[in-house]
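Asker:
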Amino acid sequence: EAAVRAIEAERERFIAEKLREEVEAVRKLQESITPNAMQCPDGYEVEARYESSQLKVIGGRPVTMAGGDYYDVFPLPDGKLALIVGDASGHGMKACMSIMTMHTLIRLLRENRFNDTAEFVERVNRNLCQQSIVNDDGGFITLIYGVLDPVNHELTWTSAGHPVPLLQRLDNGEVGPVADDEAPGLPLGIIDDAEYTVHKTSIPEHSRLLLYTDGLIECFDVDTQEHHEFGVPGLCNTMRDSRDLELKGTLQSLFDATLAFTGGQGRHDDTSVVLLERT
95 EAAVRAIEAE RERFIAEKLR EEVEAVRKLQ ESITPNAMQC PDGYEVEARY ESSQLKVIGG
155 RPVTMAGGDY YDVFPLPDGK LALIVGDASG HGMKACMSIM TMHTLIRLLR ENRFNDTAEF
215 VERVNRNLCQ QSIVNDDGGF ITLIYGVLDP VNHELTWTSA GHPVPLLQRL DNGEVGPVAD
275 DEAPGLPLGI IDDAEYTVHK TSIPEHSRLL LYTDGLIECF DVDTQEHHEF GVPGLCNTMR
335 DSRDLELKGT LQSLFDATLA FTGGQGRHDD TSVVLLERT
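Position one of the sequence shown corresponds to residue 95 (this note's numbering), numbered consecutively onward.
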């Protein structure tokens with residue numbers, strides 16, 4: 095009996111290690127598409143961060159899971175700045191490969207210089223609807239695509255089922271969503287002829303704009319039976335409390351606040367954040 099248990103334990107350790115190796119390989123592939131340096135127009139600063147979720151497996155240490163979050167920030171030829179945040183449904187390799195597919199597509203389409211954000215999102219959606227890796231088993235991707243005009247200080251943006259950005263005035267700390275609809279538009283990869291809407295948001299002097307995936311808000315207080323969600327109110331409170339910090343400090347505060355809210359258990363979903371400031 096002891097020999098049987100030893101064999102089973104060894105088999106479990108072997109499976110766990112193979113899982114780690116497989117997931118790590120895909121995770122590193124995902125990290126390879128995360129921008130290392132982000133150019134920003136004069137008068138603006140930008141910070142961004144991606145954090146994977148973790149899963150404990152048989153054999154001890156947790157595995158950092160490959161996920162479906164994505165962000166990109168890049169200059170357009172006319173001096174404007176493109177901001178993109180996306181989130182593929184599900185977890186693990188399928189979600190990661192879905193986001194890799196979208197990243198490749200966006201890199202191809204960006205050469206067409208899409209300033210019409212709705213047209214850009216519609217083009218991405220039509221192409222993704224043809225990709226089985228995305229829409230098999232009901233899969234989809236939420237996306238927000240914004241174009242910042244640093245001359246008129248206006249963000250033109252389109253959402254495909256993604257949480258709307260938050261805007262904060264640093265002079266008084268006031269912060270809230272830039273639109274009433276929590277997640278306008280249909281996610282990508284569902285209907286190939288879906289139509290999307292262009293929104294415009296003014297960026298006042300001394301203000302901050304937060305783009306994020308739902309991993310930042312869908313975490314729960316494990317110390318109470320009600321399991322309260324951190325939610326958008328938690329983000330707003332954290333941004334108010336940290337508005338005197340530098341941009342990087344506020345970004346760190348957002349991740350620290352969610353970790354503290356969960357009692358140190360961490361977020362169950364991977365998380366991407368882009369934080370822009372007009373100085």
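Cβ coordinates follow ideal geometry from the N, Cα and C atoms, glycine included. All values reported here derive from a predicted model rather than from experimental measurement.
Three Cβ pairs or more, each shorter than 8 Å: is that satisfied between the segment 251-259 and the segment 183-200?
Answerer: No, the segment 251-259 does not touch the segment 183-200.
Asker: With a floor of 4 residues, list each alpha helix (DSSP H) that falls wholly inside the segment 307-345, ordered by position along the chain.
Answerer: The qualifying runs are 325-335.
Asker: Indicate the three-state DSSP secondary structure (helix, strand or coil) for Phe208 in the structure shown.
Answerer: Looking at Phe208 - three-state DSSP - the assignment turns out to be coil, as it is neither helix nor strand.
Asker: In chain order, which beta strand (DSSP E) runs of at least 3 residues are fully inside the segment 198-268?
Answerer: You should have 235-243, 248-254, 260-263.
Asker: Going by beta carbon distance, what residues of the same chain come within less than 7 Å of Phe355, once the five residues before and after it are set aside?
Answerer: Hits under 7 Å: Cys313, Asp315, Phe324, Gly328.
Asker: Going straight from the alpha carbon of Gly309 to that of Asn219, what length do you get?
Answerer: Answer to the nearest angstrom: the Cα atoms are 22 Å apart.
Asker: Select from Glu145, Val245, Thr291 the residue whose C-alpha is nearest the C-alpha of Asp136.
Answerer: Per the Cα distances, Val245.
Asker: If you reduce the DSSP assignment to three classes, tell me which class Glu104 lands in.
Answerer: Helix, per DSSP.
Asker: How many angstroms separate the CA atom of Gln346 from the CA atom of Ser296?
Answerer: Their Cα atoms are separated by approximately 25 Å.
Asker: According to the neighbour-count rule (16 or more other Cβ atoms, all chains shown, within 10 Å of its Cβ), is Arg133 buried or exposed?
Answerer: Residue identity check: residue 133 is Gln in the sequence provided, not Arg. So Gln133 counts as exposed.
Asker: To which residues of the same chain is Leu370 closer than 6 Å at the C-beta, ignoring the five residues directly before and after it?
Answerer: Once the five neighbours on either side are set aside, the close Cβ partners of Leu370 are Val140, Leu303.
Asker: Excluding the 5 residues flanking Ser183 on each side, which residues of the same chain have their C-beta closer than 6 Å to its C-beta?
Answerer: Taken in chain order, the residues that qualify are Gly233, Phe234.
Asker: Would you report the Cα separation of Tyr144 and Glu104, rounded to the nearest angstrom?
Answerer: Between Tyr144 and Glu104, the C-alpha separation is close to 34 Å.
Asker: For Ser126, does the three-state DSSP call read helix, strand or coil?
Answerer: Here Ser126 sits in coil by DSSP.
Asker: Can you name the start and end residues of the beta strand (DSSP E) that Ser366 belongs to?
Answerer: Taken as a continuous stretch (DSSP letters only), the beta strand (DSSP E) holding Ser366 covers 365-372.
Asker: Is His300 buried or exposed, if buried means 16 or more other CB atoms sit within 10 Å of its CB?
Answerer: With fewer than 16 other Cβ atoms within 10 Å, it is exposed.
Asker: Please classify Arg337: is it buried, with 16 or more other beta-carbons within 10 angstroms of its beta-carbon, or exposed?
Answerer: By the 10 Å Cβ count, Arg337 comes out buried.
Asker: Between which two residues does the beta strand (DSSP E) holding Thr295 run?
Answerer: Thr295 -> beta strand (DSSP E) spans 293-296.
Asker: Quick check on Leu339: buried or exposed, where buried means 16 or more other Cβ atoms within 10 Å of its Cβ?
Answerer: Label assigned to Leu339: exposed.
Asker: Relative to the alpha-carbon of Arg263, which residue among Gly357, Glu102, Thr373 has its alpha-carbon at the smallest distance?
Answerer: Closest option to Arg263, Cα to Cα, is Thr373.
Asker: Please classify Asp166: is it buried, with 16 or more other beta-carbons within 10 angstroms of its beta-carbon, or exposed?
Answerer: The residue in question, Asp166, is buried, as its Cβ has 16 or more Cβ neighbours within 10 Å.
Asker: Asp163 bridges to which residues according to DSSP?
Answerer: Answer is Asp181, bridged to Asp163.
Asker: Buried or exposed for Ile238, going by 16 or more other Cβ atoms inside 10 Å?
Answerer: The residue is buried, with at least 16 neighbouring Cβ atoms inside 10 Å.
Asker: Thinking C-beta only, is Val326 closer than 8 Å to Val179?
Answerer: No, the Cβ-Cβ distance between Val179 and Val326 is not below 8 Å.
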